[in-house]
Structures are given as C-alpha cells and as structure tokens.
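Visitor: Numbering (full-length UniProt numbering), first residue to last: 1 to 232.
Where a beta carbon is used, it is the ideal one built from N, C-alpha and C, also for glycine.
None of these values were measured; they are calculated from a predicted model.
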Amino acid sequence: MKRTYKYRLYPNRVQDKALDFLLWQGRNLYNAALEQRVKTYQETGKGISYSEQWAHFRDERNANPETLGKLNATSVQQMLRRLDKSFSAFFRRLKAGEKPGFPRFKGRNRFHSLEYRHGSFLTQNRHLSLSAHDAGLGEFRQLLEYKAENAGSQVVTVSPRNTSQVCSGCGEIVPKKLKVRTHVCPACGLVEDRDVNAARNILVLAVLRLGRSRQALTRMQQGLRCLRSRRL
Ligand SMILES: [Zn+2]
1 MKRTYKYRLY PNRVQDKALD FLLWQGRNLY NAALEQRVKT YQETGKGISY
51 SEQWAHFRDE RNANPETLGK LNATSVQQML RRLDKSFSAF FRRLKAGEKP
101 GFPRFKGRNR FHSLEYRHGS FLTQNRHLSL SAHDAGLGEF RQLLEYKAEN
151 AGSQVVTVSP RNTSQVCSGC GEIVPKKLKV RTHVCPACGL VEDRDVNAAR
201 NILVLAVLRL GRSRQALTRM QQGLRCLRSR RL
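1. Can you list the alpha helix (DSSP H) stretches of 4 or more residues lying completely in the region 130–214, in chain order?
2. Alpha carbon to alpha carbon, how far is V14 from Q77?
3. Between which residues of its own chain and Q221 is the CB-CB distance below 6 Å, once the five residues before and five after are set aside?
4. Checking 8 Å against the spacing of the C-beta atoms, do G26 and L71 come in under that value?
5. Of the residues D20, Q154, N197, K85, which one's Cα is nearest the Cα of T182?
6. Decide if the region 164–182 is in contact with the region 198–209; the criterion is three or more beta carbon pairs, one per stretch, under 8 Å apart.
7. To the nearest angstrom, how far is it from the Cα of V142 to the Cα of N28?
8. Below 7 Å, is the gap between the Cβ of L190 and the nearest heavy atom of ligand 1?
9. Using only alpha-carbon positions, find the residue among L34, K179, T157 that is nearest to R104.
10. With DSSP collapsed to three states, give me the class of F102.
11. Which term fits V191, buried or exposed, when burial requires 16 or more other beta carbons within 10 angstroms of its beta carbon?
12. Which residues mark the beginning and the end of the alpha helix (DSSP H) in which S49 is found?
13. If you count every other CB in all the chains shown that lies within 10 Å of the CB of R161, and 16 or more means buried, which is it?
14. Tell me, to the nearest whole angstrom, how far the beta carbon of G47 is from that of R37; I am working on the premise that it is less than 8 Å.
15. May I ask whether a heavy atom of ligand 1 can be found less than 7 Å away from the beta carbon of A199?
16. Flag G47 as yes when its Cβ comes closer than 7 Å to any non-hydrogen atom of ligand 1, and as no otherwise.
17. Quick one: give me the first and last residue of the alpha helix (DSSP H) that T74 is part of.
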C-alpha cells in the first residue's frame with residue numbers, strides 16, 4: 001500500500017529561496033524532457049521510452065551537480081514517468097485517428113510539486129534540513145505518533161549517533177561522509193544504500209530499547225536478512 005502525505009511547510013527566507021530554485025530546476029527538466037520527446041516525434045514519428053529518457057537525464061544530473069543535480073533522483077523519475085504517461089495517451093489518441101495536441105510546457109507558476117522519497121528531500125538540501133530546534137520536527141513527531149497509533153504500532157526514539165556509520169550486517173564501524181550514499185562494509189562485504197543501512201540500525205536500537213528479548217531481536221534480524229537476499 002502506498003500512502004501519500006502532504007506537509008504544509010512554513011519556510012523561512014533561505015528555505016523559500018532553496019525551494020524556488022528546486023521548483024525552477026524541476027520545471028526546466030520537465031520542459032527539456034518534453035522538448036526531447038516533441039523533437040523526436042517531429043523528426044522520426046516515434047516515441048522515446050521512459051528508460052531512454054531516464055538514462056539521458058541521469059547523465060545530465062551527474063554532469064550538472066549545481067543545477068539539475070540538486071534534484072533528487074526520485075523526483076526526476078516521477079516527472080519522467082508522468083511525461084511518459086502523457087505521451088502514451090498522445091499516441092493512443094493518434095492511433096484512434098484523432099489529432100491530439102502535445103502535452104503542454106510548464107510556465108513559471110504551473111509547477112508546484114516535486115515528489116520526494118520520505119526524508120530525503122530534507123536531508124539532501126542543507127538549507128531545508130530539520131533540526132531539533134525547528135518547530136517542524138515536533139509537528140512531524142506528533143503526526144508520526146498519530147499514524148503509529150492508528151496502525152496499532154508505537155513510536156520509539158533512539159539516539160541517531162553512529163547509526164549511519166555502523167554496519168547493520170556485522171556491527172563494524174565504517175566511517176563515511178554524508179555525500180557517500182552507499183554503505184560498503186570491508187569486514188563482511190555488505191553493500192547497501194546508506195539510508196537503508198541506517199534504518200536497520202535504528203530498528204535494532206528501537207527493539208533493544210523496548211527491552212524485547214534477544215530471541216525477538218534475532219527473529220527480526222533473520223527477517224531482515226531474508227528480505228535482503230530476496231531483493232538481490
Ligand atoms: Zn559488515
């Protein structure tokens with residue numbers, strides 16, 4: 001099940017500027033992707049696949065770290081998928097003998113949202129990061145508690161200390177800077193997304209904090225290992 005949450009942000013001036021910049025970059029990327037599709041269609045009568053466009057704009061992102069590179073990969077993929085859908089509809093109408101127009105380019109105020117995977121929006125953008133001093137964090141916590149209660153679950157807070165550095169596979173400390181997004185353990189060979197590795201450590205800490213038995217912890221770790229091997 002996929003749930004969508006909307007957060008109301010009350011950005012300060014610096015955050016506001018950072019958001020504006022991201023929305024502007026998002027609009028640029030969307031328009032460039034649309035232009036690429038329109039041109040290809042006009043020149044060859046054919047479409048471009050989502051994966052071709054993603055390969056192209058992934059390279060563009062990497063080549064322009066200060067502009068397009070500021071956009072999170074998920075939000076870029078989301079935009080390209082949206083465009084892919086619009087073009088499928090375009091080709092469907094064409095096939096049915098209609099004369100469809102191209103999807104529209106986005107103007108200054110027509111681009112309002114970017115999709116972000118939970119948390120990464122705030123953590124990837126320094127100016128937007130939540131700290132314990134922000135009112136936003138308390139509100140977020142309340143929302144989380146409300147949601148957990150609804151799901152018959154519980155929110156447990158743990159100290160974030162070292163959670164991104166410790167290997168969730170073997171416990172070895174693997175120091176890495178924030179820009180290193182993949183956890184690679186020299187001791188046990190575990191390769192995992194940085195955030196996923198940290199999430200597993202946080203889960204273990206939470207279970208320990210609840211005082212669950214060691215067996216419960218072992219069962220949970222087995223479950224995680226099983227999930228991990230299924231994904232490979
Ligand atoms: Zn390890």
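Guide: Here's the rundown:
1. If we require 4 residues or more, the alpha helix (DSSP H) runs fully inside the region 130–214 come out as 135–150, 194–209.
2. Cα to Cα, V14 sits roughly 27 Å from Q77.
3. Counting only Cβ-Cβ distances below 6 Å, and skipping sequence neighbours, we find nothing.
4. A distance below 8 Å separates the beta carbons of G26 and L71.
5. Each of D20, Q154, N197, K85 was checked against the Cα of T182, and the nearest Cα belongs to N197.
6. Remark: three or more beta-carbon pairs, one from each stretch, lie closer than 8 Å, so the region 164–182 and the region 198–209 are flagged as touching.
7. The identity of residue 142 in the sequence shown is Gln, whereas the question assumes Val. Roughly 36 Å separates the two Cα atoms.
8. Flag set: Cβ of L190 near ligand 1.
9. The residue with the shortest Cα to Cα distance from R104 is L34.
10. The DSSP-derived three-state label of F102 is coil.
11. Flag for V191 reads exposed.
12. Boundaries for S49: no alpha helix (DSSP H) harbours it, and the DSSP string shows neither H nor E there.
13. R161 is exposed by the Cβ-count criterion.
14. Right, the Cβ-Cβ distance comes to about 7 Å (below 8 Å), so this counts as a contact.
15. Result no, Cβ not under 7 Å from ligand 1.
16. No, the beta carbon of G47 sits no closer than 7 Å to any heavy atom of ligand 1.
17. For T74, the uninterrupted alpha helix (DSSP H) segment begins and ends at 73–95.
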